[in-house]
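Everything below concerns the one structure shown next.
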Amino acid sequence: MPLSLKKTDPSFKFQVASTPGGENITRCFACGTCTAGCPVREIDERYNPRKIIHMALLGMKEVILKSDFVWLCSACYTCTERCPQDVAITDLMTALKNIAVSEGYIHPSYVEQVKALEAFDGLYEIGDFDNKKREKHNLPQIKREQGTLKKIMEETGVISAVRRGGKE
Amino acid sequence: MKYALFLGCTVPVRALNYEISARKVAERIGLEFIDDNRFTCCGFPVKSVDIEASLLMGARNLAIAEDLGVDICTLCSACTSSLTEVNKVLKEDEELREVINGKMGDVRYNGTIRVRHFARVLYEDFGVCGLKDFIINPLEGFRFAPHYGCHYVKPSEIYSGFDDPEDPHTLDELIGVTGAESIAYERKMLCCGGGILGIDEEVALKMSAEKLMVIKEKKVDGMISICPFCSIMYEGNQRKIEKMITEELGIPVFYYPQVLGLALGLAPEELGFSLNRVKPKKFLEKLKAGAKV
Numbered sequence: 001m002p003l004s005l006k007k008t009d010p011s012f013k014f015q016v017a018s019t020p021g022g023e024n025i026t027r028c029f030a031c032g033t034c035t036a037g038c039p040v041r042e043i044d045e046r047y048n049p050r051k052i053i054h055m056a057l058l059g060m061k062e063v064i065l066k067s068d069f070v071w072l073c074s075a076c077y078t079c080t081e082r083c084p085q086d087v088a089i090t091d092l093m094t095a096l097k098n099i100a101v102s103e104g105y106i107h108p109s110y111v112e113q114v115k116a117l118e119a120f121d122g123l124y125e126i127g128d129f130d131n132k133k134r135e136k137h138n139l140p141q142i143k144r145e146q147g148t149l150k151k152i153m154e155e156t157g158v159i160s161a162v163r164r165g166g167k168e
Numbered sequence: 001m002k003y004a005l006f007l008g009c010t011v012p013v014r015a016l017n018y019e020i021s022a023r024k025v026a027e028r029i030g031l032e033f034i035d036d037n038r039f040t041c042c043g044f045p046v047k048s049v050d051i052e053a054s055l056l057m058g059a060r061n062l063a064i065a066e067d068l069g070v071d072i073c074t075l076c077s078a079c080t081s082s083l084t085e086v087n088k089v090l091k092e093d094e095e096l097r098e099v100i101n102g103k104m105g106d107v108r109y110n111g112t113i114r115v116r117h118f119a120r121v122l123y124e125d126f127g128v129c130g131l132k133d134f135i136i137n138p139l140e141g142f143r144f145a146p147h148y149g150c151h152y153v154k155p156s157e158i159y160s161g162f163d164d165p166e167d168p169h170t171l172d173e174l175i176g177v178t179g180a181e182s183i184a185y186e187r188k189m190l191c192c193g194g195g196i197l198g199i200d201e202e203v204a205l206k207m208s209a210e211k212l213m214v215i216k217e218k219k220v221d222g223m224i225s226i227c228p229f230c231s232i233m234y235e236g237n238q239r240k241i242e243k244m245i246t247e248e249l250g251i252p253v254f255y256y257p258q259v260l261g262l263a264l265g266l267a268p269e270e271l272g273f274s275l276n277r278v279k280p281k282k283f284l285e286k287l288k289a290g291a292k293v
């Protein structure tokens, strides 16, 4: 999709820079070290960190926030370790995802994860079946206090954001 | 030596062999684990959704360990990086620390404890020489491919100089302690893809396949993992990967404490080998025969 200046938001880079993780975005000089070493890019051309950073700098906010590719970072930190400008690309991708969620776009996989955390205080339920299995192997029982993470996610607006995004 | 054992979400449900063997090894070498039911998810999964929520989850878990008065020992590498990062951020940013504490209610974060992965605890607290004193049954003649995983060493910024993020050596040395050979292979630091399994399964599995194919050529007795999610990718999904690449792999994937446990003289039955998904039949036979090839 060619870039249309009418559809860009020149202030997007400042929004990214003021989001935790995105602080160093304007330092990027587009060397491409991130993309060259990216194990996801190697397999799927949709995910190209240099391109995503450049799109953000140009203000292609809507394209980025609505995209699939923004969710494809595997958080291996290869790019972060090698970036000569300390852009901290893994954290930058986190910032872009945080912005996407706050604007109503969330990947279904995260909707499911948040629901699990809300219900079980962990990604998986540890019920009687699991505890019996644990007992069989002489492992201690796990009985988490219910609702701890639900409370945190309510207070930080995660649950309402997920509900909003989930309806999209 | 006392540590709060932080199991996280995946280990106590999907990696019992890791937990069983880690506890056995700890007992054998005199390391005490404290369990606490107040621990929740580390916060890693919500980082992509809302970083403040992940900070609060992390800080709360750290505050619980502070309340116990002991450092945290983790088994999952994602928990390790997530908790270590929150600890670093909050220790260095007083203003943010106050904001987070103001929202926590029942507990308070003070920044008084450390978070380290079990393998790092073994490496730093006992050391290669210290561990060697406990070895009864050296695994001579065995060859393993170490899989470090990303978050055990990265982002290096949070690990204050522990190991090399591009060419790490601590797990190789820990494997060496058991008497087995830790082999070198291409793409040692390739990510398992677990972080995007829920986003795009095909891409994630292709990432795992890449490494498994390299390791297959090396004809090892198994791959050594120190992260439950890396193991889910390489072991739990190995069948799916074999179908995808139409090639048989048959690579057993062990957790490091399972292998160390054997060298410490523990029996395979005590170390959860029956729970390994890729059945290590050949490996166990070789072990029984007392390999020294």
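Chains as they are written, first to last, in the working numbering: chain G, 1 to 168; chain C, 1 to 293.
Backbone N, C-alpha and C define an ideal beta-carbon position, used for all residues, glycine too.
When the Cβ atoms of the segment 73–92 of chain C are set against those of the segment 125–132 of chain C, are three or more pairs found closer than 8 Å? no
Reference Glu210 (chain C), options C:Met189, C:Val220, C:Gly198 and C:Ile199, closest by Cα: C:Met189
Within 10 angstroms of the Cβ of Asp200 (chain C), are there 16 or more other Cβ atoms? Answer buried if so, exposed if not. buried
Which residues share a DSSP beta bridge with Met223 (chain C)? C:Ala145 and C:Val253
Return the Cβ separation of Val16 (chain G) and Ile89 (chain G) in integer angstroms, given the expectation that the two are a contact with Cβ distance under 8 Å. About 12 Å separates the two Cβ atoms, so there is no contact after all.
Between the CA atoms of His169 (chain C) and Glu81 (chain G) - distance to the nearest angstrom: 17 Å
Selection from G:Thr156, G:Gly147, G:Pro140 and G:Asn24 that minimises the alpha carbon distance to Cys83 (chain G): G:Asn24
Amino acids of chain G, ordered along the chain, whose beta-carbon sits closer than 7 Å to that of Gly198 (chain C): Ser109
Assuming the contact rule is C-beta atoms closer than 8 Å, Glu202 (chain C) and Leu139 (chain G) should be a hit. Round their C-beta distance to whole Å, please. Between Leu139 (chain G) and Glu202 (chain C) the Cβ distance is about 35 Å, and since that is not below 8 Å, they are no contact.
DSSP state of Phe29 (chain G), grouped into three classes? coil
Using Cβ-Cβ distances below 7 Å, what residues of the segment 145–165 of chain C are close to chain G? Cys150, Lys154, Pro155, Ser156 and Pro165
Exposed or buried, which one is Gly165 (chain G) when buried takes at least 16 other CB atoms within 10 Å? buried
Exposed or buried, what is Gly147 (chain G) when buried is set at 16 or more other beta-carbons lying within 10 Å of its beta-carbon? exposed
Would you kindly work out how many angstroms separate the C-alpha atoms of Ala145 (chain C) and Tyr255 (chain C), rounded to a whole number? 12 Å
At which residue ranges does the segment 122–152 of chain G contain complete alpha helix (DSSP H) runs of 4 or more residues, listed in the order of the chain? 128–136
Chain-ordered neighbours of Ala53 (chain C) on chain G, where CB pairs are closer than 8 Å: Ile152, Met153, Thr156 and Val158
With a cut-off of 8 Å on the beta carbons, I'd call Pro39 (chain G) and Met1 (chain C) a contact; round off their distance for me. Not quite, the Cβ-Cβ distance comes to about 36 Å (not below 8 Å), so this is no contact.
Minimum Cβ-Cβ distance from Gly104 (chain G) to chain C less than 8 Å: no
Proximal residues of chain G, C-beta to C-beta of Glu19 (chain C) below 7 Å: Leu139
When you compare only the Cα positions, how much space is there between Cys34 (chain G) and Val101 (chain G)? 24 Å
With which residues is Tyr2 (chain C) paired in a DSSP beta bridge? Checking the sequence, you will find Lys at residue 2 (chain C) rather than Tyr. Answer is C:Glu32, bridged to Lys2 (chain C).
Taking contact to mean at least 3 C-beta pairs separated by less than 8 Å, is the segment 114–122 of chain C in contact with the segment 47–57 of chain C? no
Please decide whether Val101 (chain G) counts as near chain C, where near means a Cβ-Cβ distance under 8 Å. yes
DSSP three-state assignment for Arg163 (chain G), whether helix, strand or coil: helix
Which residues, in chain order, does the segment 116–128 of chain G contribute to contact with chain C at a C-beta distance below 7 Å? Leu117, Asp121, Gly122, Leu123, Tyr124 and Ile126
Is DSSP giving Cys34 (chain G) helix, strand or coil here? helix
Closest by CA to Lys6 (chain G), which one among G:His54, G:Val162, G:Glu62 and G:Glu42? G:Glu62
In DSSP terms, what Ile72 (chain C) is bridged to: C:Ala4 and C:Val115
Please list the segments of the alpha helix (DSSP H) lying wholly inside the segment 57–107 of chain G, counting only runs of 4 or more residues, in order along the chain. 61–66, 78–82 and 89–102
Quick one: what's got a C-beta closer than 7 Å to Arg100 (chain C)'s C-beta in the same chain, skipping five residues either side? First, the amino acid is wrong: residue 100 (chain C) is Ile here, not Arg. Hits under 7 Å: Leu55, Leu56, Ala59, Leu90 and Tyr109.
With which residues is Lys181 (chain C) paired in a DSSP beta bridge? Before going on, a small fix: residue 181 (chain C) reads as Glu here, not Lys. Beta-bridge pairing links Glu181 (chain C) to C:Arg143.
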